[in-house]
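One structure is given below, encoded as structure tokens.
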Amino acid sequence: MVQRRPVADWTTDFDVMDPAYIEDPFSIWDELRQTCPVAHTGRRGGAWLLTTYADVTEAAHDIGLFSSLEVGVIAAEEEPDDLLPYGLPPISSDPPLHTWTRRLLLPWFSHSRVDSYEAMTRDLCRRLIDGMAPDHADAAADYAQQIPVRVIAKILGVPDELSDTFTGWVRDVLEFADEPERVVRGRDGILGFLIEQLLLRKDDPQDDLISQLAHTSHDGEPVEDSVVLGIAGLVLIAGIDTTWSAIGSALWHLARNPDDTARLVAEPELMASAVEEFLRVYSPVTMARIVTADAEFKGCPMAAGDKLLMNFPGANRDPAAFERADEVVLDRAHNRHVAFGTGIHRCAGSNLARMELRVALEEWLARIPTFRLADDAVVTWAGGQVRGPRSIPVVYP
Ligand code: HEM
Numbered sequence: 013m014v015q016r017r018p019v020a021d022w023t024t025d026f027d028v029m030d031p032a033y034i035e036d037p038f039s040i041w042d043e044l045r046q047t048c049p050v051a052h053t054g055r056r057g058g059a060w061l062l063t064t065y066a067d068v069t070e071a072a073h074d075i076g077l078f079s080s081l082e083v084g085v086i087a088a089e090e091e092p093d094d095l096l097p098y099g100l101p102p103i104s105s106d107p108p109l110h111t112w113t114r115r116l117l118l119p120w121f122s123h124s125r126v127d128s129y130e131a132m133t134r135d136l137c138r139r140l141i142d143g144m145a146p147d148h149a150d151a152a153a154d155y156a157q158q159i160p161v162r163v164i165a166k167i168l169g170v171p172d173e174l175s176d177t178f179t180g181w182v183r184d185v186l187e188f189a190d191e192p193e194r195v196v197r198g199r200d201g202i203l204g205f206l207i208e209q210l211l212l213r214k215d216d217p218q219d220d221l222i223s224q225l226a227h228t229s230h231d232g233e234p235v236e237d238s239v240v241l242g243i244a245g246l247v248l249i250a251g252i253d254t255t256w257s258a259i260g261s262a263l264w265h266l267a268r269n270p271d272d273t274a275r276l277v278a279e280p281e282l283m284a285s286a287v288e289e290f291l292r293v294y295s296p297v298t299m300a301r302i303v304t305a306d307a308e309f310k311g312c313p314m315a316a317g318d319k320l321l322m323n324f325p326g327a328n329r330d331p332a333a334f335e336r337a338d339e340v341v342l343d344r345a346h347n348r349h350v351a352f353g354t355g356i357h358r359c360a361g362s363n364l365a366r367m368e369l370r371v372a373l374e375e376w377l378a379r380i381p382t383f384r385l386a387d388d389a390v391v392t393w394a395g396g397q398v399r400g401p402r403s404i405p406v407v408y409p
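So for the sequence shown, this note's numbering puts the first residue at 13; every next one is plus one.
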């Protein structure tokens with residue numbers, strides 16, 4: 013267990029891994045927006061935390077001052093990996109590397125590709141529900157957690173049986189980011205696996221993302237293996253924890269709000285706006301940036317090398333940007349949320365994430381239209397880079 017010092021002052025000493033922040037960051041952001049909208053901490057090497065919609069969106073577009081060369085909310089303790097000199101592009105890169113690596117990925121997540129994964133996702137959701145007990149389940153572990161990893165495995169062209177192993181590696185890297193041994197275990201697992209797959213596909217290409225990346229070129233040269241590995245690793249990491257957290261949070265909300273559940277069952281045409289609202293209210297992803305030059309931002313003296321936390325979840329709860337910001341309004345008409353980020357790094361997998369969230373909710377509600385938290389339910393949350401429930405014990409008639 014990592015020992016943590018309690019936070020005495022959130023404006024000058026915040027800790028995103030503090031249990032109070034993981035459990036209820038919302039009241040902390042509300043307080044900070046009133047008193048100190050750009051907070052600072054000296055912990056974990058130091059960082060600034062933005063809390064308003066206006067500041068987060070401005071910083072996301074200022075790619076000159078805020079670089080993506082380090083996007084980890086919790087700094088890695090070991091030396092950067094020689095195998096991945098560019099990290100995980102496009103997310104961990106600035107232009108020009110960002111521009112062409114993003115372009116390689118986008119076709120895999122276009123609307124038409126995503127449509128082609130829908131039947132398989134729906135079938136998967138049905139099989140998961142078939143496998144659950146008739147009157148109770150863990151909506152996170154038995155359902156939400158099982159969906160995105162299998163869809164990503166399909167896109168990467170890896171066998172379904174490896175899904176649990178993948179999930180373990182991704183959790184090691186993201187959820188246990190301040191436990192160095194787990195980070196190393198997860199990273200080595202992912203890299204070892206991808207290197208093996210890349211070698212196989214160089215000789216025997218299949219119809220999958222790794223094969224395509226292995227046989228593509230940029231500026232007339234084959235793409236370096238380290239870039240291919242970084243892109244494939246990113247798809248694995250970015251596509252799993254995030255979406256499972258979003259599905260889990262939506263089910264957690266519905267388990268506690270029977271009126272919303274009943275309305276969604278009675279008015280299925282609200283599903284599209286409900287999905288956006290769940291993404292806004294329970295946004296899972298916070299990213300980081302590195303300040304490139306000494307500068308004042310929003311009155312704060314930032315120094316080259318400082319870390320800045322892009323608090324997309326906090327921006328989405330800003331009452332200056334959203335009426336009734338803390339409420340889930342299933343039919344919210346205007347919802348310019350930034351759960352997927354904004355600017356050049358806006359989520360490349362958003363079409364896929366939306367489809368998975370919609371299908372997961374549709375299939376659950378079709379079979380389990382009324383459900384609630386179990387009486388003795390202990391709901392546990394993960395936080396840091398990706399926030400979401402890890403256990404949601406529910407019961408249904
Ligand atoms: C609900 C689920 C998801 C959420 C909330 C989410 C959120 C985000 C956010 C906030 C960013 C911006 C990063 C930044 O500004 O630094 C991002 C980027 C990215 N996401 Fe997602 N994501 C989700 C699902 C997915 C899925 C399913 C994939 C597909 C594998 C994916 C792939 C990516 C990629 C490749 C980037 C990097 C884009 C770039 O740097 O140009 N994400 N995501």
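All C-beta atoms in this analysis are idealised placements derived from N, C-alpha and C, irrespective of residue type, glycine included. As the structure is a prediction and not an experimental result, all values here were calculated from the model.
Residue i to residue j span [Cα, whole Å]
i: Pro270; j: His52; result: 39 angstroms
i: Leu140; j: Asp154; result: 7 angstroms
i: Ile167; j: Leu210; result: 14 angstroms
i: Leu263; j: Glu130; result: 20 angstroms
i: Ala332; j: Val28; result: 23 angstroms
i: Leu321; j: Ser80; result: 11 angstroms
i: Arg275; j: Asp135; result: 25 angstroms
i: His265; j: Glu289; result: 11 angstroms
i: Asn347; j: Arg366; result: 14 angstroms
i: Leu116; j: Leu174; result: 25 angstroms
i: Gly317; j: Glu374; result: 45 angstroms
i: Ala372; j: Glu281; result: 15 angstroms
i: Leu221; j: Ala244; result: 8 angstroms
i: Ala226; j: Ile207; result: 11 angstroms
i: Pro49; j: Cys312; result: 10 angstroms
i: Phe38; j: Thr254; result: 19 angstroms
i: Trp112; j: Arg55; result: 35 angstroms
i: Glu191; j: Asp184; result: 8 angstroms
i: Asp142; j: Asn363; result: 27 angstroms
i: Gly76; j: Val303; result: 9 angstroms
i: Pro18; j: Arg199; result: 29 angstroms
i: Met314; j: Ala72; result: 16 angstroms
i: Ser104; j: Pro146; result: 44 angstroms
i: Phe26; j: Tyr33; result: 9 angstroms
i: Glu43; j: Thr24; result: 13 angstroms
i: Trp22; j: Pro234; result: 48 angstroms
i: Asp172; j: Gln158; result: 11 angstroms
i: Asp74; j: Leu61; result: 16 angstroms
DSSP bridge partner residues for residue i (one or two, in chain order)
i: Leu62; result: Val50
i: Ile302; result: Ser79 and Lys319
i: His230; result: Glu233
i: Arg384; result: Val407
i: Leu400; result: Looking at the sequence itself, residue 400 is Gly, so the reference to Leu does not match. DSSP output for Gly400 lists Ala394 as bridge partner(s).
i: Val297; result: Val398
i: Thr309; result: In the sequence as displayed, the identity of residue 309 is Phe instead of Thr. Cys312, per the DSSP bridge assignment.
i: Asp150; result: Pro405
9 angstroms Cβ cutoff met for residue i and residue j
i: Val182; j: Ile252; result: yes
i: Ala284; j: Arg370; result: yes
i: Lys310; j: Ala87; result: no
i: Ala394; j: Ala258; result: no
i: Val277; j: Leu377; result: yes
i: Val85; j: Ala20; result: no
i: Pro101; j: Leu246; result: yes
i: Ala286; j: Leu385; result: no
Buried versus exposed call for residue i [16 or more other C-beta atoms within 10 Å across all chains shown]
i: Glu187; result: buried
i: Met132; result: exposed
i: Thr47; result: exposed
i: Asp67; result: buried
i: Glu308; result: exposed
i: Glu193; result: exposed
i: Arg301; result: buried
i: Thr298; result: buried
i: His123; result: exposed
i: Glu279; result: exposed
i: Val293; result: buried
i: Pro325; result: buried
i: Gln218; result: exposed
i: Ala360; result: buried
i: Pro296; result: buried
i: Ala149; result: buried
i: Pro405; result: buried
i: Ser229; result: exposed
beta-carbon residue i near ligand 3 non-hydrogen atom, thresh 8 angstroms
i: Glu368; result: No copy of ligand 3 occurs in the structure displayed; its ligands are ligand 1 alone.
C-beta neighbour in chain D for residue i, strict 9 angstroms
i: Tyr129; result: Although the question refers to chain D, the structure presented lacks it and comprises just one protein chain.
Point to revise | Uninterrupted alpha helix (DSSP H) stretches inside the stretch 93 to 144 (no shorter than 4 residues) | key: 109 to 117 and 123 to 142
Exercise for review: Would you list, in sequence order, the uninterrupted alpha helix (DSSP H) runs of no fewer than 4 residues that lie entirely inside the stretch 171 to 216?
Suggested key: 175 to 186 and 192 to 215
Point to revise | Segments of 4+ residues assigned as alpha helix (DSSP H) that fall wholly inside the stretch 314 to 366 | key: 324 to 327
Exercise for review: Report the residue ranges of all alpha helix (DSSP H) runs contained in full by the stretch 270 to 296; include only those spanning at least 4 residues, in chain order.
Suggested key: 270 to 278 and 283 to 293
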